[in-house]
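Reading through the structure tokens given below for one structure.
Residue numbers (our numbering), protein chains in the order written: chain B, 1 to 413; chain W, 414 to 826.
Structure, rendered in structure tokens:
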């Protein structure tokens with residue numbers, strides 16, 4: 001069995017929307033051992049949708065179509081696919097009642113436009129959507145499955161989890177696929193490859209890929225076997241090889257983010273952190289608090305853009321700001337130490353830099369960032385030169401700050 | 414002329430990486446009036462790449478391939494495509510020298526692995542990459558263009574902007590495509606469609622699409638015409654119609670985010686804002702400071718996760734926290750007012766709520782959020798019930814807070 005996702009929507013093609021649905025579906029299919037090997041993205045055009053269905057069903061057992069089920073005139077997916085499988089749309093009063101009560105529960109009367117969503121194919125199984133008004137559908141033909149879902153992520157996820165994944169799980173028996181990931185930080189891709197030494201040996205256990213991110217390089221091994229036991233044997237052997245060579249760079253496995261690893265260490269030690277951000281403007285706090293349960297160790301943050309705020313909220317001395325400037329090692333040190341004391345946390349992290357595009361000078365160019373760390377025993381700051389791009393500077397600064405804290409917590413910082 | 418993007422990488426199929434490259438390329442092509450009508454995503458497998466090239470070049474003038482040009486063994490794109498077009502790889506000393514000096518400038522010696530990146534096709538034009546070690550390539554055959562780029566976003570963007578877009582711009586003469594977007598907030602998709610009334614009339618000028626986001630619904634019109642003048646005539650006529658019907662919901666056009674619109678109003682009035690965040694944990698500050706130049710109006714933020722911090726950093730009274738709890742209208746009011754005074758800003762925004770998954774009770778369930786706003790003349794807070802998902806609760810809270818501030822600035826809040 002293999003699968004193809006068809007993503008429908010002009011907004012995906014002109015870059016107005018990023019196709020996060022395909023990634024999410026790919027991950028869920030991968031989790032149940034079903035291989036997604038193609039994603040086709042096309043616009044809201046009947047011919048393009050038909051051609052994509054032809055291509056998908058020629059080579060795949062399962063097609064999962066998302067998008068174009070909304071209430072407005074540009075949503076043509078349902079009609080096109082019903083026609084494709086030789087059916088017609090019929091009116092469902094119970095579905096209309098549900099859509100009406102869905103709107104009423106949110107304090108609206110159902111707009112007339114939504115009535116069309118109660119017309120559903122007579123040749124498909126309806127997959128209920130309790131979090132929106134567009135129902136899911138399953139067309140079956142010649143041992144092939146064609147699932148059709150709304151493009152709104154929340155609704156797509158609901159129908160995938162309540163209807164589609166259970167159906168697919170039933171069908172998968174004779175093969176297990178595991179994607180296993182080791183996450184590394186602080187080492188470039190090619191250096192990591194050199195240190196791993198004998199990649200061919202690791203590849204006796206599966207396919208190895210190097211995936212560079214802002215935070216570091218992920219090593220991903222794809223293992224296929226007939227049983228879970230065999231997969232696990234391969235995973236363990238590969239893990240031994242990899243850890244023997246590059247263990248010191250590995251901060252976690254799977255898709256765990258560095259902010260979660262850091263958080264788990266802090267929680268296990270009953271320690272806390274506070275963050276003072278200038279050029280990252282809240283990104284580090286946002287990353288840390290995107291982790292459920294972060295209130296156990298994340299006490300607070302100060303986003304101090306102005307010098308005045310650095311003085312008032314963090315206690316940075318005016319003399320330091322005058323002598324060295326807001327973007328300096330000394331200021332980063334006082335910010336880290338200041339937030340640690342003011343918030344009464346065990347660790348204080350700070351970032352000050354020139355994110356750009358404006359604000360750079362010959363002496364302090366865009367991309368110059370100081371990152372400070374105050375621990376129970378010392379306070380220090382490091383200097384970095386990142387890129388000429390605001391977003392990259394903010395992302396790299398945040399990743400580097402988390403890495404500094406991680407290393408300090410592990411005692412090798 | 415039309416275009417197809419081929420995204421290569423197993424990480425895209427198993428959901429480990431979201432395909433942001435395709436969206437970015439789609440937007441850039443759309444800006445120059447070249448229609449991207451298909452994206453095909455496949456894994457790092459020779460046969461899959463060849464089939465995608467066959468499909469792309471059968472129906473498109475331009476194929477843009479990204480991914481799989483890295484230094485490690487799983488990067489097979491260059492070899493496969495060189496073979497596909499009947500060429501072979503040859504060694505380029507000047508390219509090797511550049512890669513070496515690229516590494517040296519970053520303080521590393523070039524790892525041996527990267528030497529392979531100096532082997533380049535003899536049947537392609539090389540498109541220089543000054544921000545990384547994988548060069549871009551252009552294969553031409555039968556009036557068709559096949560561009561090949563690294564998948565690292567920064568390197569892909571560099572080669573697109575310095576080499577590919579200039580080449581394509583030259584080729585496009587006889588058709589102008591404009592995607593024009595009106596951004597609305599505070600109105601559901603189907604209500605907006607009803608209020609627009611006669612969509613067919615708007616569609617005399619182009620194709621209209623409704624795109625729901627966390628922040629609201631975008632209306633996008635795609636206009637095709639022979640000249641820029643004709644496109645502009647259509648755009649103006651559609652703009653008149655749309656503004657006559659739904660002007661009060663429109664906060665901007667194009668891809669301008671609400672935080673930028675809010676920022677521009679503040680800057681034009683020489684006013685400032687400060688933000689106190691609890692359950693959004695820095696997301697609002699991050700959004701505001703992701704805008705270049707935000708230091709003109711964004712003074713600072715306090716991320717106060719703990720009650721203690723709400724008292725110390727914002728001056729929320731202990732009595733309020735005891736009587737009403739941290740998630741309450743009263744606390745939101747005191748947070749907004751507190752951050753406004755402490756940071757000495759014209760406006761204070763605050764958010765306190767239960768993002769989930771933990772922390773909910775029968776009385777205060779996950780998804781309950783209070784958003785406060787302190788203006789120069791009044792302070793108030795509103796109650797919201799969002800979803801059962803941490804990420805959605807954080808995103809909706811941030812969007813709603815920005816919308817509240819926007820409405821207050823416009824005087825209709």
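Built from N, CA and C at the ideal position, the CB exists for glycine as well.
* Is residue 651(W) close to chain B, meaning its C-beta is less than 9 angstroms from at least one C-beta of that chain? -> no
* **Where the stretch 597-608 of chain W meets chain B: residues whose CB sits under 8 angstroms from a CB there** => 601, 602, 603, 604, 606 and 607
* Which residues of chain B have a Cβ atom closer than 8 angstroms to the Cβ of residue 874(W), listed in chain order? -> Nothing in the structure corresponds to residue 874(W), since chain W is present only between 414 and 826.
* Using a threshold of 9 angstroms, state whether the C-beta atoms of residue 87(B) and residue 77(B) are closer than that. => no
* **Contact belief for residue 810(W) with residue 782(W) at Cβ below 8 angstroms, rounded distance in angstroms** => 5 angstroms
* Asked: For residue 271(B), which residues from the same chain have a beta carbon less than 6 angstroms from its beta carbon, with the 5 sequence-adjacent residues on both sides left out?
  -> 346
* **Residue of 768(W), 426(W), 754(W) and 417(W) minimising C-alpha distance to residue 740(W)** => 768(W)
* Asked: What three-state label does DSSP hand residue 420(W) in the structure shown?
  -> strand
* May I have a chain-ordered list of the alpha helix (DSSP H) segments no shorter than 4 residues that lie completely inside the stretch 592-678 of chain W? => 602-609, 612-615 and 641-659
* To do: Within its chain, find whatever has a CB closer than 7 angstroms to the CB of residue 122(B); leave out the 5 residues flanking it on each side and keep chain order.
  => 87, 88 and 90
* Asked: What residues in its chain sit with their C-beta under 6 angstroms from that of residue 149(B), if we drop five residues either side in the sequence?
  -> 66, 136, 156 and 159
* 9 angstroms Cβ cutoff met for residue 443(W) and residue 590(W) -> yes
* Does DSSP put residue 386(B) in a helix, in a strand, or in coil? -> coil
* So, are the CB atoms of residue 43(B) and residue 450(W) less than 9 angstroms apart? -> yes
* Asked: Can you give the Cα-Cα distance for residue 3(B) and residue 35(B), rounded to whole angstroms?
  -> 6 angstroms
* Asked: Considering only the beta carbon of each residue, do residue 814(W) and residue 734(W) sit closer than 9 angstroms?
  -> no
* **Contact list for the stretch 136-154 of chain B against chain W, Cβ threshold 7 angstroms** => 152 and 154
* **Proximity below 9 angstroms, CB of residue 292(B) to CB of residue 670(W)** => no
* Does the beta-carbon of residue 465(W) have 16 or more other beta-carbons within 10 angstroms, so that it is buried, or is it exposed? -> buried
* Could you tell me which uninterrupted alpha helix (DSSP H) segments, each at least 4 residues in length, are contained entirely in the stretch 307-347 of chain B, listed from first to last along the chain? => 307-314, 318-324 and 329-343
* To do: Determine which residues of the stretch 27-43 of chain B have a Cβ less than 7 angstroms from any Cβ of chain W, and write them out in chain order.
  => 27, 30, 36, 37, 38, 39, 40, 41, 42 and 43
* To do: Just tell me which of 445(W), 747(W), 657(W) and 659(W) has its CA closest to the CA of residue 827(W).
  => This structure cannot speak to residue 827(W), because chain W is shown only from 414 to 826.
* Asked: Among the residues of its own chain, which have a CB less than 6 angstroms from the CB of residue 622(W), if the five just before and after it don't count?
  -> 633
* chain A partners of residue 114(B), CB-CB under 9 angstroms? -> In the displayed structure, chain A is absent; the protein chains listed are B and W.
* **Beta-carbon proximity check, residue 799(W) vs residue 780(W), cutoff 9 angstroms** => yes
* Is there a Cβ from chain W that is less than 9 angstroms from the Cβ of residue 110(B)? -> yes
* To do: Mind listing the chain W neighbours of residue 123(B)? Cutoff is C-beta to C-beta under 9 angstroms, in chain order.
  => By Cβ distance, chain W contributes nothing, its closest Cβ being about 27 angstroms from residue 123(B), past 9 angstroms.
* To do: Mind listing the chain W neighbours of residue 326(B)? Cutoff is C-beta to C-beta under 9 angstroms, in chain order.
  => Ordered by position in chain W, no residue passes the 9 angstroms Cβ test against residue 326(B), which lies about 10 angstroms from the chain.
* Would you kindly work out how many angstroms separate the C-alpha atoms of residue 146(B) and residue 14(B), rounded to a whole number? => 26 angstroms
* Do we get a CB-CB distance below 9 angstroms when we pair residue 300(B) with the residues of chain W? -> yes
* To do: Throw me the rounded Cβ distance for the residue 423(W) and residue 280(B) pair, which I believe falls under 8 angstroms.
  => Not confirmed; about 31 angstroms, so no contact.
* To do: Just grab the DSSP bridge partners of residue 85(B) for me.
  => Looking at the DSSP assignment, residue 85(B) forms no beta bridge with any residue, so it has no partner.
* Asked: Who pairs with residue 503(W) in a beta bridge, going by DSSP?
  -> 533(W)
* Identify the residues that DSSP records as bridge partners of residue 137(B): which are they? -> 126(B) and 148(B)
* Quick one: what does DSSP say residue 710(W) is sitting in, helix, strand or coil? -> coil
* Can you give the beta carbon distance from residue 63(B) to residue 69(B), rounded, assuming they're within the 8 angstroms contact cut? -> In fact, because the Cβ distance is near 15 angstroms, the residues do not count as touching under 8 angstroms.
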